[in-house]
Amino acid sequence: MSAILQGLAVNPAAPADVLLRLLDSGDGPVHSSLCRGRREIPEEVVAAVLAHPHPRTRGGLARNPYVSGELRGRVVDDEFWLVRSCLASGPGEDAWPRQLPDHVIDRMYTTYSGQEMDQLIVSRQVPNRVRIGYATHPSPTLRRYSTGMWRWLSEEHRAALLADPDPDIRASAARQLGEDDAAEMERQLRALPGTRSHAHSHILVNCRLSRAVVDELLLEREDDDLWCLAHNYSTPPDVVAHVARVGNPKVRLEVARREDLPRDLCNLLARDTDPEVRTAVSVRPELTEDERAAVDYVVPPLRDLWLVEDPYRAPLSHARSAHPLLRRRVAHNPDLPADLVALLAADDDLGVRVLLAQFHPGAPPELLLRCYLEYTGRYRDRLLGLPQFPTVGLGLRFASAEDPAVRLPAARDPELDPAVADALTRDEDPRIRSAAARNPALPPARLHQLLEDKELMQDAAANPALPPETMYRLLDEA
1 MSAILQGLAV NPAAPADVLL RLLDSGDGPV HSSLCRGRRE IPEEVVAAVL AHPHPRTRGG
61 LARNPYVSGE LRGRVVDDEF WLVRSCLASG PGEDAWPRQL PDHVIDRMYT TYSGQEMDQL
121 IVSRQVPNRV RIGYATHPSP TLRRYSTGMW RWLSEEHRAA LLADPDPDIR ASAARQLGED
181 DAAEMERQLR ALPGTRSHAH SHILVNCRLS RAVVDELLLE REDDDLWCLA HNYSTPPDVV
241 AHVARVGNPK VRLEVARRED LPRDLCNLLA RDTDPEVRTA VSVRPELTED ERAAVDYVVP
301 PLRDLWLVED PYRAPLSHAR SAHPLLRRRV AHNPDLPADL VALLAADDDL GVRVLLAQFH
361 PGAPPELLLR CYLEYTGRYR DRLLGLPQFP TVGLGLRFAS AEDPAVRLPA ARDPELDPAV
421 ADALTRDEDP RIRSAAARNP ALPPARLHQL LEDKELMQDA AANPALPPET MYRLLDEA
């Protein structure tokens, strides 16, 4: 009977009193479905969830990928560590990105610690602008966290933190400044045990290196050491030029990504034998559009939605670039204005269109459908779950498609012919059977029949056409 209750928990037509009774059921999976799987939760049910004695129930709300960050943030001061941990870790990597409101982030940064803070920092719920903005925050706790963004702070903000009235902030800022002291970093490096560790790597990759350390790395000529030199911001220009010529493709790729790449090396790497290296050069900001076009770059298929670049840092002018990878960088900015959304929705690069469809709340419904039909990557099914994905009329177009992935949207059409909906509950593909069992166009007799079907009873219970009296009866039987 638990499967039936889990279906009722996510049924969009379930009345609030049904949901409240489900919260009283004591069934953990049912609570998880209700709190983490519902797209809309009535306020009286939210209040009951927040007051529920079981922390996993409250934690489910904290990880719901469909509700607003404001709603999830209402558990920010929960007394139980598990709930706070759920909020800090967020809905998960595959969920629709939901950033938390600034006031919730402020509260977490001032009251959370240890594992909870580690989870929050890697959760993608905190925009960089918030952490950078903490440099001038009245709270000493938040100003201290801003020192971790040292490379992105202005000289004015760095100086203010070094002279902060709070001694802990001054000490943290001084440690960050110390990482720019080559002699001190060499001293710390030589004091470490001989076995290469994370502490070694941190200094070699991120901190200022003395010439003695640089020369030792060159002498070793190990690929990893050359990569560190290619990446490290303090590597002398002559050494950068050297590793660009003797390093393997991975090393040369890292040189091509340097912010301070000299023009002669840029021209050299633009003719590199490795296509990834040439492509990295082609997106450098100092190149003109004509210079980009002259590089023999390669546009790879879109493999991952999570681009390395911060979408808010990409200039909006990238939307009109002839280079698809620059257009991709700006396409996953959820705040793009309407004119650029319309422009990129018609882009000839599938990667651009998919990123726009996946991340912009104003992406046209027809774009989402087009991307679903053309894109077969890992996050394809996420498109189906977006609120603007079209449903009406897809039954006529795709119900008889040979490809099960194309038939799937047809099973979600609320105006589907009842006979077709019935037939799709018997489809050979389990995802299509599941979607059809949730379709409100399903004939009532078939819907009630599926409530007895072990495979599809949960989906049938989630069908919004299920009459309230049937929901109450199922609750009574449970």
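Numbered per this note's numbering, the sequence shown spans residues 1 to 478. Built from N, CA and C at the ideal position, the CB exists for glycine as well.
Practice problem: Evaluate the contact criterion for the stretch 332-347 versus the stretch 291-301: three or more CB pairs, one atom per stretch, below 8 Å. | Solution: As far as the Cβ criterion goes, the stretch 332-347 does not touch the stretch 291-301, which means the pair count is below three.
Quiz item: Once you ignore the five residues that flank ALA331 on each side, which residues in its own chain have a CB closer than 6 Å to its CB?
Solution: Answer for ALA331: LEU344, VAL352, LEU355, LEU356, listed in chain order.
Quiz item: Is the CB-CB distance between GLU254 and ARG208 below 8 Å?
Solution: Contact: no.
Quiz prompt | Three-state secondary structure assigned by DSSP to VAL283 | solution = Coil at VAL283, not helix or strand.
Quiz item: Considering only residues of the same chain and omitting the five flanking positions on each side of CYS371, which have a CB-CB separation below 7 Å?
Solution: The beta carbon of CYS371 lies closer than 7 Å to those of ARG353, VAL354, ALA357, LEU383 in the same chain, with the five residues before and after it left out.
Exercise. Please name the residue in ARG271, ARG284, TYR472, SER210 whose C-alpha comes closest to that of SER234.
Key: Selection ARG271, ARG284, TYR472, SER210 evaluated against SER234 yields SER210 as nearest (Cα-Cα).
Practice problem: Return the Cβ separation of GLU40 and PRO12 in integer angstroms, given the expectation that the two are a contact with Cβ distance under 8 Å. | Solution: About 7 Å separates the two Cβ atoms, so the contact holds.
Self-check item: Neighbourhood of SER33 by C-beta distance below 7 Å, restricted to the same chain and skipping five residues each side
Solution: Taking C-beta separations shorter than 7 Å and ignoring five residues to either side along the sequence, the partners of SER33 in its chain run GLN6, ALA9, VAL10, following chain order.
Quiz item: Considering only C-alpha positions, which residue in the set ALA199, GLU477, GLN119 is nearest to ARG84?
Solution: Across the set ALA199, GLU477, GLN119, the C-alpha of GLN119 shows the shortest separation from the C-alpha of ARG84.
Quiz item: If ASP427 and ARG407 are in contact, beta carbons under 8 Å, what's the gap, nearest whole angstrom?
Solution: Contact holds; Cβ gap of about 7 Å.
Self-check item: Cβ contact (3+ pairs, closer than 8 Å) linking the stretch 302-320 and the stretch 268-281
Solution: Result no; under three Cβ-Cβ pairs closer than 8 Å.
Practice problem: Would you kindly check if the distance between the Cβ of LEU82 and the Cβ of ARG56 is under 8 Å? | Solution: Taking a C-beta distance under 8 Å as the contact criterion, ARG56 and LEU82 qualify as a contact pair.
Practice problem: Give a yes or no on whether the C-beta atoms belonging to ARG303 and GLY377 are separated by under 8 Å. | Solution: Yes, these two residues count as a Cβ contact at 8 Å.
Quiz item: Buried or exposed: where does THR147 fall if 16 or more other Cβ atoms within 10 Å of its Cβ makes it buried?
Solution: With a threshold of 16 other beta carbon atoms within 10 Å, THR147 meets it and is buried.
Quiz item: Got a sec? Which residues, its chain only, sit under 6 Å from ASP17 by beta carbon, not counting five neighbours each side?
Solution: If we look at ASP17 and ignore the five residues flanking it on each side, it has no Cβ neighbours.
Quiz item: Rounded C-beta distance between ARG36 and GLY60? I'm assuming under 8 Å.
Solution: In this structure, ARG36 and GLY60 form a Cβ contact; the two beta carbons are roughly 4 Å apart against a cut-off of 8 Å.
Quiz item: Is ALA173 closer than 8 Å to ARG164 when the C-beta atoms are compared?
Solution: At residue 164 the sequence reads Asp, which differs from the Arg that was named. Yes. Within cutoff.
Quiz item: In or out: ASN64 buried (at least 16 other Cβ within 10 Å) or exposed?
Solution: Taking all protein chains in view, the Cβ of ASN64 is crowded by 16 or more other Cβ atoms within 10 Å, so the residue is classified as buried.
Self-check item: Other residues of its chain near ASP272: CB distance less than 7 Å, five sequence neighbours each side excluded
Solution: Its chain contains ARG252, ARG278 as the residues whose beta carbon lies nearer than 7 Å to that of ASP272, once the 5 sequence neighbours on both sides are disregarded; these appear in chain order.
Quiz item: Is ARG320 helix, strand or coil by DSSP?
Solution: Helix at ARG320.
Quiz item: On the premise that PRO440 lies in contact with ALA419, defined as a C-beta separation below 8 Å, what is that separation, rounded to the nearest angstrom?
Solution: Distance from ALA419 to PRO440 at the Cβ level is roughly 15 Å; contact not present, criterion being Cβ atoms closer than 8 Å.
Quiz prompt | Residue ranges of each alpha helix (DSSP H) within the stretch 168-227, 4 or longer | solution = For secondary structure counted as the alpha helix (DSSP H) over 4 or more consecutive residues, the stretch 168-227 holds these complete runs in sequence order: 182-191, 198-206, 211-220.
Quiz item: Alpha carbon to alpha carbon, what distance is there between MET1 and ALA478?
Solution: Using only the alpha carbons, I get a separation of about 6 Å.
Quiz item: Which whole runs of the alpha helix (DSSP H) in the stretch 50-87 are 4 residues long or more, in chain order?
Solution: Complete alpha helix (DSSP H) runs here, min 4: 55-62, 69-72.
Practice problem: To the nearest angstrom, report how far apart ASN232 and VAL214 are at their CA atoms. | Solution: Roughly 10 Å separates the two Cα atoms.
Quiz prompt | MET149 versus ARG129: straight-line alpha-carbon distance, rounded | solution = Linking MET149 to ARG129 through their CA atoms gives a straight-line distance of about 10 Å.
Self-check item: Minimum C-alpha distance to ALA182 - residue among SER139, VAL243, ALA338, VAL205
Solution: Selected option, being the one with the closest Cα: VAL205.
Self-check item: Euclidean distance between Cα positions of ALA51 and ARG38
Solution: Their Cα atoms are separated by approximately 18 Å.
Quiz prompt | Proximal residues to ALA322 (C-beta, below 6 Å), its chain only, five neighbours per side dropped | solution = When the five nearest sequence neighbours on each side are left out, the beta carbons in the same chain lying within less than 6 Å of the beta carbon of ALA322 are those of GLU289, in order along the chain.
Quiz item: On the premise that LEU23 lies in contact with VAL505, defined as a C-beta separation below 8 Å, what is that separation, rounded to the nearest angstrom?
Solution: Nothing can be reported for residue 505, as the shown portion of the chain is limited to 1 through 478.
Quiz item: At which residues does the alpha helix (DSSP H) containing GLY393 begin and terminate?
Solution: Annotation for GLY393: no alpha helix (DSSP H) segment contains it, and DSSP assigns it neither H nor E.
Quiz item: For the alpha helix (DSSP H) that ASP17 lies in, which residues bound it at each end?
Solution: Here the alpha helix (DSSP H) through ASP17 covers 16-23.
Quiz item: Got a sec, what are the start and stop residues for the alpha helix (DSSP H) GLU469 sits in?
Solution: Unbroken alpha helix (DSSP H) run through GLU469: 468-477.
Self-check item: CA-to-CA distance, ASP224 to PRO193, given in whole angstroms
Solution: So the two alpha carbons sit approximately 18 Å from each other.
Practice problem: Return the chain-ordered list of same chain residues with a C-beta closer than 7 Å to the C-beta of LEU177, the five sequence neighbours on each side being excluded. | Solution: Only residues of its own chain outside the window of five on either side were considered, and among them LEU162 have a CB closer than 7 Å to the CB of LEU177, listed in chain order.
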